[in-house]
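J.:
There are 2 protein chains.
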Amino acid sequence: MKKDLFGICPYATTQKILSGKWTIYILYLLKDEPIRFNELLRRLPGEMTHATLSRQLKGLEESGLIIRREYEQVPPKVEYSLSAIGERFKMVLDSLEIWGFEYIEHMKASEAVS
Amino acid sequence: MKKDLFGICPYATTQKILSGKWTIYILYLLKDEPIRFNELLRRLPGEMTHATLSRQLKGLEESGLIIRREYEQVPPKVEYSLSAIGERFKMVLDSLEIWGFEYIEHMKASEAVS
DNA sequence: CCGAATCCAATTAGATACTG
DNA sequence: CAGTATCTAATTGGATTCGG
């Protein structure tokens, strides 16, 4: 197993990285500023729990897209931010956003017909 | 349930559409030309079966990104191609490809250090 | 050739309780 | 505040078989 295209094909590699259910949304939230754990949780749709968020953040960190910075404080403070390669991912986010809006408009238009 | 952001937020919407394991790769393959079912299967990594491909294609078709065209022949011939909104998705694929290559290089460089 | 149906295995998310 | 651990439920993929 794992005679994978990961690390070879850019499409397969990216698909793998984005495989979580909230990954794109998380990256979008971190686009402009570092955000703390609980603040991320608040900004995400209400459905997800902190256990899920924790896992996804860990995955993105292992993929190298985000950086976890822990402040030595009581109470604890942890900030997540984009890494260098994560910053570069913004170009994908931008085109994704443009297309996403187009898609939504397109779908509404189709529904209106039916 | 399903007080979803699908159809509202471009990121959540796109994440949902791309949720399959091979979706991005399939869209990439269809980027330039219509391709028949078995030809798609051949071009995809050997791991996947035709049942899986069939499901993913159906999903992408239901999402409106691709079009299934069936020729009235014996033996059957079915071609898949990008729809109008699927064509527009190429801009995402392009940035994804660029970033994917950067990411792969970046990872190799990191490994080399360790 | 294309694909639906079924079954099973693997993965992932959600809920909850617990910790420093 | 920011997690981990554990369990369960849901989703998805892979393998196989069957059908027009």
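Going down the list, the sequences are from chains D and L.
When we follow our numbering, the leftmost residue of the first sequence carries the number 116, and every step to the right adds one.
When we follow our numbering, the leftmost residue of the second sequence carries the number 116, and every step to the right adds one.
Note that CB positions come from ideal geometry on N, CA and C, so glycine has one too.
Keep in mind it's a predicted model, so treat the numbers as computed, not measured.
1. Hey, does L/F216 have any beta-carbon neighbour from chain D nearer than 7 angstroms?
2. Quick check: the Cα distance between D/W214 and L/P125, rounded to an integer number of angstroms?
3. Tell me which residues of the segment 198-212 of chain D have at least one Cβ-Cβ distance to chain L shorter than 7 angstroms, keeping chain order.
4. In terms of DSSP beta bridges, what is D/E194 paired with?
5. Please report how far the alpha carbon of L/H165 lies from the alpha carbon of L/E185, in whole angstroms.
6. Would you give the residue range spanned by the alpha helix (DSSP H) that L/V228 belongs to?
7. Compare the C-alpha of D/T129 against each of L/I182, L/E162, L/W137 and name the closest.
8. So with Cβ pairs under 7 angstroms, would you call D/G174 a contact of chain L?
9. With a cut-off of 8 angstroms on the beta carbons, I'd call L/S178 and L/I132 a contact; round off their distance for me.
10. Taking only beta-carbon atoms, is L/T129 less than 7 angstroms away from chain D?
T.: The structure says:
1. yes
2. 8 angstroms
3. I200, R203, F204, M206, V207, S210, L211, E212
4. D/R151, D/R184
5. 17 angstroms
6. 205-228
7. L/W137
8. no
9. 5 angstroms
10. yes
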